[in-house]
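Novice: I am attaching a structure below and will ask some questions about it afterwards.
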Amino acid sequence: MKNTLPLTLLAQLDDVAVFQTAAFSAIDGSSTDIAGSKIAQQPHERLQADYGELNLGLHVNDDASSVLNNRMHVLAAINEQLIAQQNLPMHSVPVKALHWVNQVHGNDIYDIDATTLSMAPVAADAMVSRQDGTGLAIMTADCVPIVLYQPATGQIAAIHAGWQGLACGVIKATAERFHDSGQIMAWIGVCISQDNYEVDGNVRDKLLAGCIANNALMADAIKNFDQRYVIASRASESMITSTADKLSDQGTICAETYAEKIKIDLPKITTDQLVAAGIVIGNESSIPCSYAGGHYYSYRRQTHLQQPATGRMALIIIRSASI
Numbered sequence: 000m001k002n003t004l005p006l007t008l009l010a011q012l013d014d015v016a017v018f019q020t021a022a023f024s025a026i027d028g029s030s031t032d033i034a035g036s037k038i039a040q041q042p043h044e045r046l047q048a049d050y051g052e053l054n055l056g057l058h059v060n061d062d063a064s065s066v067l068n069n070r071m072h073v074l075a076a077i078n079e080q081l082i083a084q085q086n087l088p089m090h091s092v093p094v095k096a097l098h099w100v101n102q103v104h105g106n107d108i109y110d111i112d113a114t115t116l117s118m119a120p121v122a123a124d125a126m127v128s129r130q131d132g133t134g135l136a137i138m139t140a141d142c143v144p145i146v147l148y149q150p151a152t153g154q155i156a157a158i159h160a161g162w163q164g165l166a167c168g169v170i171k172a173t174a175e176r177f178h179d180s181g182q183i184m185a186w187i188g189v190c191i192s193q194d195n196y197e198v199d200g201n202v203r204d205k206l207l208a209g210c211i212a213n214n215a216l217m218a219d220a221i222k223n224f225d226q227r228y229v230i231a232s233r234a235s236e237s238m239i240t241s242t243a244d245k246l247s248d249q250g251t252i253c254a255e256t257y258a259e260k261i262k263i264d265l266p267k268i269t270t271d272q273l274v275a276a277g278i279v280i281g282n283e284s285s286i287p288c289s290y291a292g293g294h295y296y297s298y299r300r301q302t303h304l305q306q307p308a309t310g311r312m313a314l315i316i317i318r319s320a321s322i
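Quick note, the sequence shown lines up with residues 0 to 322 if you use numbering that gives the first Met the number 0.
Here's what the structure looks like:
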């Protein structure tokens, strides 16, 4: 089987490799970019659900058999690539299984090695394992996916971190599942950039409070939280300026609401939380934006386009079996 899936090898070290999936190839997905002409010409058009070429989410109302087939194809494509790279016999199976979880925006951690296999997915936002022949997959469509590897022990992990996960300390909690005597490496997958992540001020307040409560950031980052991670929304500033002379009392309240709109840098908070946990980051400067790239899935872009649903991509870390 020739690998034609939108699947990219991000990193490889020892017997561990990191893969990122997408919705389309970069060329095929370019027409769905939020800045594309189709959207600009018809901004209020209600589009169909965008499941792309490789939706891996079972929870987005896609056909379940199609999603399971996609997951099977991803596993087969990973094995095919590893066999070719390592010049292994064609009948080899470097990765025997990919593990998935029901992600719930919390800090529960699923220990693959200590849990009996079940037909129902475990509710968790992180996974850890030391088994060879194992892959851990985290699904996203804007949230930050992270994978970890500790060369000294061979342990791997995968983490789902939206703003809620970052607030409740899921990165720190996962790092604490590793042996404390070996360096841990991290790779961050496709996620939404600060330029495209506009939220209300209360998200900032909850995120900061969570980082303080869970000791998830260094003291300097907490002290300078707004300077490091928050910018005012230009759209909000523009709206206030253009309507300031026309507002009634009710309009003034609306203006204050717009003024509370901000943009938060989730990738930067993620990298700083990883550093605070003593983890070395492998790709901090090259994280693509899920919203801006039309070949990726983006829940926020789905909302802005009034689509009923969109798919999910995955950041996957695998540890090959000994052949």
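All C-beta atoms in this analysis are idealised placements derived from N, C-alpha and C, irrespective of residue type, glycine included.
Keep in mind the model is a prediction, meaning the values are calculated, not measured.
When you compare the segment 277-288 with the segment 110-122, are there three or more beta-carbon pairs, one atom per stretch, that lie closer than 8 Å?
Specialist: no
Novice: Just grab the DSSP bridge partners of Ala-178 for me.
Specialist: As a working note, residue 178 is residue 179 in the sequence shown. Reading off the sequence shown, one finds His at residue 178, where the question assumed Ala. Answer is none; His-178 lacks a bridge partner.
Novice: According to DSSP, simplified to helix, strand and coil, what is Pro-287?
Specialist: Here residue 287 corresponds to residue number 288 of the sequence shown, with the count starting at 1. Note: Pro-287 maps to coil in three-state DSSP.
Novice: Start and end of the beta strand (DSSP E) containing Gln-149?
Specialist: One-based indexing of the sequence shown puts residue 149 at position 150. Gln-149 -> beta strand (DSSP E) spans 143-149.
Novice: Tell me the DSSP secondary structure of Thr-133 in three-state form.
Specialist: Counted from its first residue, the sequence shown places residue 133 at position 134. If DSSP states are grouped into helix, strand and coil, Thr-133 belongs with the strands.
Novice: When the Cα of Ala-308 is compared with those of Leu-53, Glu-52 and Asn-60, which residue comes out closest?
Specialist: Start at 1 with the first residue of the sequence shown, and residue 308 comes out as number 309. Taking only the C-alpha atoms, the option nearest Ala-308 is Asn-60.
Novice: Considering only residues of the same chain and omitting the five flanking positions on each side of Val-66, which have a CB-CB separation below 8 Å?
Specialist: In the sequence shown, counting from the first residue as 1, residue 66 sits at position 67. Cβ neighbours of Val-66 beyond the five flanking positions: Asn-54, Leu-55, Gly-56 and Leu-57.
Novice: Can you list, in chain order, the residues of its chain with a C-beta nearer than 6 Å to that of Asp-49? Leave out the 5 residues immediately preceding and following it.
Specialist: Sequence index remark: in the sequence shown, residue 49 carries index 50 (1-based). Only Gln-306 and Thr-309 meet the Cβ criterion.
Novice: What does Tyr-109 pair with, by DSSP beta-bridge criteria?
Specialist: Mapped onto the sequence shown, residue 109 falls at position 110. DSSP lists Met-126 as partners of Tyr-109.
Novice: Do the CB positions of Ser-297 and Ile-191 come within less than 9 Å of each other?
Specialist: Here residue 297 is taken as the residue at index 298 of the sequence shown, counted from 1. Here residue 191 is taken as the residue at index 192 of the sequence shown, counted from 1. Against a cut-off of 9 Å, the Cβ pair of Ile-191 and Ser-297 comes out as a contact.
Novice: Quick check: Lys-260 and Asp-219, are their CB atoms within less than 9 Å of each other?
Specialist: Position 261 of the sequence shown, counted from the first residue, corresponds to residue 260. Position 220 of the sequence shown, counted from the first residue, corresponds to residue 219. It is not a contact, given that the beta carbons lie outside the stated cut-off.
Novice: In this structure, does DSSP put Thr-342 in helix, strand or coil?
Specialist: It is not possible to answer for residue 342, since the shown part of the chain is limited to 0 through 322.
Novice: How many angstroms separate the CA atom of Ile-230 from the CA atom of Gly-132?
Specialist: Residue numbering aside, residue 230 sits at position 231 when the sequence shown is read from its first letter. Residue numbering aside, residue 132 sits at position 133 when the sequence shown is read from its first letter. Computed Cα separation, rounded: 44 Å.
Novice: What residues in its chain sit with their C-beta under 7 Å from that of Phe-387, if we drop five residues either side in the sequence?
Specialist: One cannot answer for residue 387 here, as it falls past the ends of the chain, which runs 0 to 322.
Novice: Could you check the C-alpha separation between Arg-300 and Lys-262 for me, to the nearest Å?
Specialist: On the sequence shown, residue 300 is found 301 positions in, with the first residue counted as 1. On the sequence shown, residue 262 is found 263 positions in, with the first residue counted as 1. Between Arg-300 and Lys-262, the C-alpha separation is close to 15 Å.
Novice: Measuring CA to CA, which of Gln-130, Gly-105 and Leu-97 is closest to Ala-113?
Specialist: For the purposes of this step, residue 113 is taken as residue 114 along the sequence shown, with counting starting at 1. Closest option to Ala-113, Cα to Cα, is Gln-130.
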